[in-house]
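A.B. asks:
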Amino acid sequence: GQSLEQPSEVTAVEGAIVQINCTYQTSGFYGLSWYQQHDGGAPTFLSYNALDGLEETGRFSSFLSRSDSYGYLLLQELQMKDSASYFCAAPGGYQKVTFGIGTKLQVIP
Amino acid sequence: DTEVTQTPKHLVMGMTNKKSLKCEQHMGHRAMYWYKQKAKKPPELMFVYSYEKLSINESVPSRFSPECPNSSLLNLHLHALQPEDSALYLCASSQGGTDTQYFGPGTRLTVL
Numbered sequence: 144g145q146s147l148e149q150p151s152e153v154t155a156v157e158g159a160i161v162q163i164n165c166t167y168q169t170s171g172f173y174g175l176s177w178y179q180q181h182d183g184g185a186p187t188f189l190s191y192n193a194l195d196g197l198e199e200t201g202r203f204s205s206f207l208s209r210s211d212s213y214g215y216l217l218l219q220e221l222q223m224k225d226s227a228s229y230f231c232a233a234p235g236g237y238q239k240v241t242f243g244i245g246t247k248l249q250v251i252p
Numbered sequence: 006d007t008e009v010t011q012t013p014k015h016l017v018m019g020m021t022n023k024k025s026l027k028c029e030q031h032m033g034h035r036a037m038y039w040y041k042q043k044a045k046k047p048p049e050l051m052f053v054y055s056y057e058k059l060s061i062n063e064s065v066p067s068r069f070s071p072e073c074p075n076s077s078l079l080n081l082h083l084h085a086l087q088p089e090d091s092a093l094y095l096c097a098s099s100q101g102g103t104d105t106q107y108f109g110p111g112t113r114l115t116v117l
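Heads up: the protein sequence lines correspond to chains E and W, in order.
When we follow the numbering used here, the leftmost residue of the first sequence carries the number 144, and every step to the right adds one.
When we follow the numbering used here, the leftmost residue of the second sequence carries the number 6, and every step to the right adds one.
#1: Rank A92(W), S70(W), M20(W), A85(W) by C-alpha distance to the C-alpha of R113(W) and give the top, closest one.
#2: Check the C-beta distance from L3(W) over to Y54(W) and give it rounded, since I have them as a contact under 8 Å.
#3: If you draw a straight line from the alpha carbon of K14(W) to that of G101(W), how long is it in whole angstroms?
#4: Counting only Cβ pairs nearer than 8 Å, list the residues of chain W close to G245(E).
#5: Count Cβ pairs between the region 208 to 224 of chain E and the region 72 to 88 of chain W that sit closer than 8 Å; are there 3 or more?
#6: Which residue's Cα is closest to the Cα of Q162(E): D211(E), F242(E), S204(E)?
#7: If you measure from the beta carbon of P13(W) to each beta carbon in chain E, is any gap under 7 Å?
#8: Considering Cα atoms alone, identify which of G201(E), S208(E), S226(E) is closest to T166(E).
#9: From the DSSP output, in three-state form, read off M37(W) for me.
#10: Please state whether DSSP places M223(E) in a helix, a strand or coil.
#11: Can you check which of these residues, H84(W), K58(W), I61(W), is closest to F69(W) by C-alpha distance?
#12: For Q180(E), which of helix, strand or coil comes out of DSSP?
#13: Could you tell me whether the Cβ of Y215(E) comes closer than 7 Å to any Cβ of chain W?
#14: Mind checking which residues open and close the beta strand (DSSP E) that includes L117(W)?
#15: Please decide whether P252(E) counts as near chain W, where near means a Cβ-Cβ distance under 7 Å.
#16: Is any beta-carbon of chain E found at less than 7 Å from that of P141(W)?
#17: Mapping DSSP to helix, strand and coil, what is Y237(E)?
#18: So with CB distances below 8 Å, who are the chain W contacts of S146(E)?
The structure is reproduced here in structure tokens:
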């Protein structure tokens, strides 16, 4: 099986940088995904790391270290619209995906 | 195009009603999924269809009945639901295997 741990809440200031961590325990690991979900909305895919290292997409970056069973999502130049829940997720066998509990990010002025 | 569409956006139904949720994707994906999401919780997998065949049923009660008429469409038939079934129902699709899943906007279901 798989389990992913991430903080339940994070607060950061507009314009700042925030890092959301995700640690995982799994019997089989293929990679780590990140999804953003605004209140009342659906999860939106942000990034996927299959290999170790940093993936950058605009203001968002995602990092994976397989040796440490750890990844993170980095959000730069925070904007108020970045207030949302962020889920790390790991695809497993048989087309299943395990989600973390989600980190609720609040961006304050 | 990474769009998955779902209808209706909102649905209110009584415990004796029969209704259906619909999902459509035109990305050529071969796997389609139904998830249930309660407030402040991650999505919870219900069903997986692979190449139009049901491959995973996560012990979902029979009052939920999935159907995959073709490779682009996925339905979820609802009958005799309970108030605790009120949730956001999400459809997703992917190329299958460990490939990224793309979610539709969801149907907000309220059972009275």
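The beta carbon of each residue, even a glycine, is placed where N, CA and C say it ideally should be.
C.D. replies: On the basis of the supplied data:
#1: Position 108 of the second sequence, counted from the first residue, corresponds to residue 113(W). Selected option, being the one with the closest Cα: A92(W).
#2: Any question about residue 3(W) goes unanswered here, given that chain W covers just 6 to 117.
#3: On the second sequence, position 9 is the one that residue 14(W) refers to. On the second sequence, position 96 is the one that residue 101(W) refers to. The straight-line gap from Cα to Cα measures roughly 26 Å.
#4: Position 102 of the first sequence, counting from 1, holds the residue named residue 245(E). Correct list: K45, K46, P47.
#5: The count of Cβ pairs closer than 8 Å, one atom from the region 208 to 224 of chain E and one from the region 72 to 88 of chain W, stays below three, leaving the stretches out of contact.
#6: The residue you call residue 162(E) lines up with position 19 of the first sequence. Selected option, being the one with the closest Cα: S204(E).
#7: Locating residue 13(W) in the second sequence gives position 8, counting from the first residue. No, its Cβ sits nowhere closer than 7 Å to a Cβ of chain E.
#8: Taking the first sequence and counting its residues from 1, the one referred to as residue 166(E) is at position 23. Comparing Cα-Cα distances from T166(E) to each of G201(E), S208(E), S226(E), the minimum goes to S208(E).
#9: Sequence index remark: in the second sequence, residue 37(W) carries index 32 (1-based). Here M37(W) sits in strand by DSSP.
#10: Your numbering for residue 223(E) matches position 80 in the first sequence. Per DSSP, reduced to three states, the secondary structure at M223(E) is helical.
#11: Residue 69(W) sits at position 64 when you count from the first residue of the second sequence. Taking only the C-alpha atoms, the option nearest F69(W) is H84(W).
#12: Residue 180(E) sits at position 37 when you count from the first residue of the first sequence. The answer is strand: DSSP assigns Q180(E) an E or B state.
#13: By 1-based counting over the first sequence, the position of residue 215(E) is 72. Not one chain W Cβ lies under 7 Å of Y215(E).
#14: Reading the second sequence from its first residue, position 112 is the one you call residue 117(W). No beta strand (DSSP E) contains L117(W), which DSSP labels as neither H nor E.
#15: For the purposes of this step, residue 252(E) is taken as residue 109 along the first sequence, with counting starting at 1. So, not an interface residue.
#16: The displayed coordinates of chain W run from 6 to 117. Any statement about residue 141(W) would go beyond what the structure contains.
#17: In the first sequence, the residue the question calls residue 237(E) occupies position 94. Three-state result, Y237(E): helix.
#18: Reading the first sequence from its first residue, position 3 is the one you call residue 146(E). Those within 8 Å of S146(E) in chain W number zero; the least Cβ separation is about 12 Å.
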